[in-house]
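Visitor: I am attaching a structure below and will ask some questions about it afterwards.
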Amino acid sequence: MSEGPFFDGNDLLPPTLTATALAEEGAVIDAIYVCPHGWNDQCSCRKPKPGMLFQAQRDFDLDLSRTCFIGDDDRDIEAGLAAGTPTVKVDGEWPLIRIVKERLLASVRT
């Protein structure tokens, strides 16, 4: 991630804060994937390309057809769909904590 709200030039603070907030709700973050490249670098990991999702698939032996991908941008949604994952967009009606509580944790607990 070379720019945007999660990047201050040195650290990725909001994902860490997000992981802490989710942990308080009982969710576990196993990894956070970040593309360090700029828009013009033509890498395979910069969304909307699904490279980071395929890396997570390799790292955790995931079945992407059964792995929910959550994003907050149209490029996130495109990447999730390109990787074949069920994909949910965070927005005003569906903030991240609500998605985790009502869609993810609820399905695990039943």
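In this note's numbering, the protein residues as written are 122 to 231. Just so it is clear, CB atoms sit at the ideal spot from N, CA and C, and this is done for glycine as well.
Whole-angstrom Cβ separation of E292 and I218, contact assumed at under 8 Å?
Guide: Since the first residue shown for the chain is 122 and the last is 231, residue 292 is missing from the structure and cannot be characterised.
Visitor: F190 bridges to which residues according to DSSP?
Guide: Taking the first residue of the sequence shown as 1, we reach residue 190 at position 69. In DSSP, F190 forms a bridge with T208.
Visitor: Measuring CB to CB, does G172 end up less than 9 Å from S186?
Guide: Numbered from 1 along the sequence shown, position 51 holds the residue referred to as residue 172. Numbered from 1 along the sequence shown, position 65 holds the residue referred to as residue 186. Their beta carbons are not under 9 Å apart, which means G172 does not touch S186 by this criterion.
Visitor: Among residues of its own chain, excluding the 5 on either side of W215, which ones have a beta-carbon nearer than 8 Å to its beta-carbon?
Guide: Locating residue 215 in the sequence shown gives position 94, counting from the first residue. Cβ contact annotation for W215 (same chain, cutoff 8 Å, sequence separation greater than five): V209, in chain order.
Visitor: So, for I150: in the same chain, excluding its five sequence neighbours on each side, which residues have a beta-carbon less than 7 Å away from its beta-carbon?
Guide: For the purposes of this step, residue 150 is taken as the residue at position 29 of the sequence shown. Correct list, in chain order: A140, L143.
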